[in-house]
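Trainee:
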Amino acid sequence: MTMENSLQNLNNKHTPPNTFHQLSAMADEEPVDQKRYLEESCKPKCVKPLLEYQACIKRIHGDESGQKHCTGQYFDYWSCIDKCVAPKLFSKLK
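Here numbering that gives the first Met the number 0 is used: the first residue of the sequence shown is 0, the next is one more, and so on.
1. Taking the C-alpha atoms as reference points, what is the distance between Y36 and E28?
2. Where does V46 sit, in a helix, a strand or coil, going by DSSP?
3. Check for me: the alpha helix (DSSP H) holding V84 runs from which residue to which?
4. Quick one, are the C-beta atoms of K34 and C83 less than 8 Å apart?
5. Would you identify the three-state DSSP class for K34, choosing helix, strand or coil?
6. How should I101 be labelled, buried or exposed, when 16 other C-beta atoms within 10 angstroms of its C-beta is the threshold for buried?
7. With distance defined between alpha-carbon atoms, name the residue in P48, E63 and E39 nearest to S78.
Okay, here's the thing in structure tokens:
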């Protein structure tokens, strides 16, 4: 048995039929941004900062001067999400 035949037999034993075609079709598709999906899955874990941000928005709703803002609460919310997403996202990178 030649080396090429050995490799073919090995591939046939461990690779289901049509897998190559499925993989090549997947490779042709646009990559999916996993970060968006991970952010959505992390949002329920960051409810407290979200509620604080929403409360701030309500407090400053009628401000005509433009002096009031909720930047701190906004960044606290997204910081919470980023801390949740980071370990999961980096494990998916190639």
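Every residue, glycine too, gets a C-beta built ideally from N, C-alpha and C.
Mentor: Here's the rundown:
1. The count along the sequence shown starts at 1 and reaches residue 36 at position 37. The count along the sequence shown starts at 1 and reaches residue 28 at position 29. Going from the Cα of Y36 to the Cα of E28 covers about 18 Å.
2. In the sequence shown, the residue the question calls residue 46 occupies position 47. In the three-state reduction of the DSSP assignment, V46 falls in the helix class.
3. Sequence index remark: in the sequence shown, residue 84 carries index 85 (1-based). V84 -> alpha helix (DSSP H) spans T70 to K91.
4. Position 35 of the sequence shown holds residue 34. Position 84 of the sequence shown holds residue 83. Taking 8 Å as the Cβ cut-off, K34 and C83 do not qualify as a contacting pair.
5. In the sequence shown, residue 34 corresponds to position 35, counting from 1. Helix at K34.
6. Residue 101 lies beyond the stretch modelled for the chain, which goes from 0 to 93, so this question has no answer here.
7. Locating residue 78 in the sequence shown gives position 79, counting from the first residue. Of the candidates P48, E63 and E39, the one whose C-alpha sits nearest the C-alpha of S78 is P48.
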